[in-house]
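In my numbering, the protein residues as written are 50 to 259. All C-beta atoms, glycine included, are put in the ideal place defined by N, C-alpha and C.
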Amino acid sequence: MSDETIWIKRARAGDQEAFARLIETYQTPIYNLTYRMLGDAAEADDAAQEAFLRAYTRLSTYDSRRSFKTWLFSIASHYCIDLLRRRRLTWLSLDEPLPSIYVAALAEPNPGPEEQTVRGEQTALIQRHLARLSLEDRAAIVMRYWYDLSYEEIAEVCGGTVSAIKSRLHRARLALAEALVDERRDASRRDVPSERLHPPERLYRMEAMR
């Protein structure tokens, strides 16, 4: 029996210290998720605390056959989506560097000033395009490519079938690629050197990732 399983069992019996150990284990990934969903450090901290509070009060409903991490992600992501819907916000702030899936093929061991500038422009560009996705699509993209959750885990978090999640991610990837095509076309019309914009086709490499 793992330490986590023991802590969950004790927490269900009312042991707050055991639940505190669970918080210590997952506070960073949960906070990072809420921050990327909400885009504000203070709100993300409040949302993370609320997610853990809800998890504690709902421990009796937790199915031990499921991943505890996935269960927590479900609570946190649904809470954030509810907040954003109530506020009618559609912007997903991604102030931190993009996942390596977008830039790995472009990275150099010791990038010079120009390469760093190009990467920064590409990061800002993709951030703008992610903001155009629906809340559900953005949540799925974040969980898949920032946290490497499987299709099955994302389906548990977001609800729906694995095939539906695959379709959602496929649709989101195509939307990002199309947005990049438009951006590149507009840039060429403004006589911006083509090398300043990375080929949008690189996004299609996500199709092969599992």
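- Secondary structure at Thr74: helix, using DSSP grouped into helix, strand and coil.
- Here Ile72 has Phe101 as same chain residues with Cβ atoms under 7 Å from its own Cβ, once five neighbours each way along the sequence are excluded.
- Straight-line measurement puts the Cα of Leu132 at about 10 Å from the Cα of Glu92.
- For Met50, the secondary structure class from DSSP, reduced to helix, strand or coil, is coil.
- Between the alpha carbons of Ala62 and Arg70 lies a distance of about 14 Å.
- Distances from the CA of Asn81 to each of Leu182, Leu121, Gly209 and Glu205 were compared; the closest alpha carbon is that of Leu121.
- In the three-state DSSP reduction, Trp56 falls in the helix class (H, G or I).
- Rounded to the nearest angstrom, the gap between the Cα atoms of Ser116 and Ser123 is 11 Å.
- DSSP places Trp195 in the coil class of the three-state scheme, outside both helix and strand.
- Taking the C-beta atoms as reference points, Leu223 is found no nearer than 8 Å to Arg193.
- In this structure, Lys215 lies near Tyr200, with their beta-carbon atoms less than 8 Å apart.
- The alpha-carbon separation between His178 and Asp231 amounts to approximately 11 Å.
- Sequence-distant Cβ neighbours of Asp235 in its own chain, meaning closer than 6 Å and more than five residues away, do not exist here.
- Per DSSP, reduced to three states, the secondary structure at Tyr111 is coil, with no helix or strand assignment.
- In the displayed model, Thr83 falls within a helix according to three-state DSSP.
- Contact annotation, Cys129 with Leu182: C-beta distance approximately 15 Å; criterion of less than 8 Å not satisfied.
- DSSP, read as helix, strand or coil, puts Leu182 in coil.
- DSSP places Ser212 within a helical segment (H, G or I) once states are collapsed to three.
- When rounded, the separation of the alpha-carbon atoms in Asp52 and Gly208 is 28 Å.
- Residues Ala204 of the same chain have their beta carbon placed closer than 8 Å to that of Ala213, with the five preceding and five following residues left out of the count.
- If you draw a 10 Å sphere on the C-beta of Glu202, you find 16 or more other C-beta atoms in it, and that means buried.
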